[in-house]
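Colleague:
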Amino acid sequence: MIGAIIGDVIGSTREFSPVDRRDFELFPYDANYTDDSLMTIAQAMAFLRWLNLKDSERTEQRLIQLLVQRMQELGRRFPEPMGSYGVRFAAWLSEDSPHPYNSWGNGSAMRVSAAAECAKSLEEALKFAEISAAVTHNHPEGIKGAQAVAAAIYLARNSRSKQEIESYISEHFYPLNQSLAEIKANYHFDESCQGTVPQAIRAFTESISFEDAIRNTIWLGGDADTMGAITGAIAWAYYSTRYGIDERMKFMAQSALRYLPEDLHAYVASYEARIDTSFE
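As numbered in the numbering used here, residues 12 to 291 make up the sequence shown, in order.
1) Using 8 Å as the threshold, is the C-beta distance between residue 208 and residue 144 below it?
2) For residue 143, does the three-state DSSP call read helix, strand or coil?
3) Give the single residue among 264, 204 and 216 whose Cα lies nearest to the Cα of residue 116.
4) Going by DSSP, what residue range makes up the alpha helix (DSSP H) through residue 183?
5) So what does DSSP say about residue 51, is it helix, strand or coil?
6) Using 10 angstroms around the beta-carbon of residue 177, count the other beta-carbons present and answer buried if the total reaches 16, otherwise exposed.
7) Are there three or more Cβ pairs, one per stretch, closer than 8 Å when the region 156-172 is compared with the region 134-142?
8) State the Cα-Cα distance for the pair residue 179 and residue 227, rounded to the nearest angstrom.
9) Does the distance from the C-beta atom of residue 26 to that of residue 236 stay below 8 Å?
10) If you compare alpha carbons, which of 22, 188, 149 and 106 is closest to residue 112?
11) Taking all protein chains shown into account, do 16 or more other C-beta atoms lie within 10 angstroms of the C-beta of residue 70, making it buried, or fewer, making it exposed?
12) Within 10 Å of its beta-carbon, does residue 64 have 16 or more other beta-carbons around it, so buried, or fewer, so exposed?
13) Is residue 265 close to chain D, meaning its C-beta is less than 8 Å from at least one C-beta of that chain?
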């Protein structure tokens with residue numbers, strides 16, 4: 012989750028002000044968290060609450076209820092985050108009995124970190140991702156995008172190589188046959204899963220560090236905060252597992268988290284400790 016928040020904050024000012032260089036300032040004065048971070052945290056709250064239930068209470072329907080509750084709670088508490096919510100999602104947040112609205116947007120993919128981090132198997136990560144997406148994004152492409160990201164995070168957390176991750180995604184979800192340079196040449200702003208998830212994954216597979224992955228995805232010039240969240244979640248899982256959390260990653264984590272309200276900052280720290288990650 013922390014990788015998603017870092018990527019979201021770094022991308023927050025680049026969504027409509029794209030960069031053509033990779034050496035851009037990571038945390039300019041006007042950076043902030045967006046709805047991507049809020050919904051990522053909300054889903055983490057739901058998954059941890061569900062995992063703490065008794066076995067007899069840990070049903071799929073109960074998980075769906077918790078996801079809806081936590082997402083609506085944070086969404087209503089923060090009704091106007093930087094970048095704002097999409098029109099249909101904002102309406103969903105305000106409904107007393109919300110229903111999914113068949114979206115294929117990338118909102119399902121940017122918030123999916125906890126589905127992978129709380130799973131005990133790849134199959135469970137894919138199932139959790141489907142459930143987490145379908146409370147709003149029940150279109151097949153919305154579910155596919157969330158599952159692809161969850162799979163990449165899960166595989167990265169379980170020490171799979173970039174080539175293994177790329178092969179799995181290519182076989183089961185999206186072809187990853189374009190280089191970053193080839194994507195950049197014709198890329199433009201896109202809010203669909205199919206138009207952002209494979210590109211964000213490619214930004215990770217061509218990276219040499221966590222920071223490099225974030226810079227790659229922002230450099231593409233698309234939906235920067237959401238692509239930052241997607242790439243960041245995967246890259247953090249990969250680099251922290253394989254190489255540990257270095258000082259640069261700690262700096263980026265601490266810099267991003269200072270934008271969050273104090274209670275959410277504290278929650279993220281406790282959540283990361285729960286899933287065996289420490290960045291402080």
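All C-beta atoms in this analysis are idealised placements derived from N, C-alpha and C, irrespective of residue type, glycine included.
Modeller: Put simply:
1) As a working mapping, residue 208 is identified with position 197 in the sequence shown. As a working mapping, residue 144 is identified with position 133 in the sequence shown. Contact check for residue 208 against residue 144 fails: the beta carbons are separated by 8 Å or more.
2) In the sequence shown, residue 143 corresponds to position 132, counting from 1. The answer is helix: DSSP assigns residue 143 an H, G or I state.
3) In the sequence shown, residue 116 corresponds to position 105, counting from 1. Minimum Cα distance to residue 116 is reached at 204.
4) Here residue 183 is taken as the residue at index 172 of the sequence shown, counted from 1. Looking at the DSSP string, the run of the alpha helix (DSSP H) that includes residue 183 is 173-183.
5) Residue mapping note: residue 51 aligns to position 40 of the sequence shown, counting from 1. If DSSP states are grouped into helix, strand and coil, residue 51 belongs with the helices.
6) As a working mapping, residue 177 is identified with position 166 in the sequence shown. Under this definition residue 177 is a buried residue.
7) Yes: at least three Cβ pairs fall under 8 Å.
8) Along the sequence shown, one-based indexing puts residue 179 at 168. Along the sequence shown, one-based indexing puts residue 227 at 216. Each residue's alpha carbon lies about 21 Å from the other.
9) As a first step, residue 26 must be located in the sequence shown, where it is residue number 15. As a first step, residue 236 must be located in the sequence shown, where it is residue number 225. Closer than 8 Å, so yes.
10) As a working note, residue 112 is residue 101 in the sequence shown. For the residues 22, 188, 149 and 106, the minimum Cα distance to residue 112 belongs to 149.
11) By one-based count along the sequence shown, residue 70 stands at place 59. By the neighbour-count criterion, in which 16 or more other beta carbons inside 10 Å mark a residue as buried, residue 70 falls on the exposed side.
12) For this step, residue 64 is matched to residue 53 along the sequence shown. Exposed is the call here.
13) Going by chain labels, chain D is absent from the structure shown, which holds only one protein chain.
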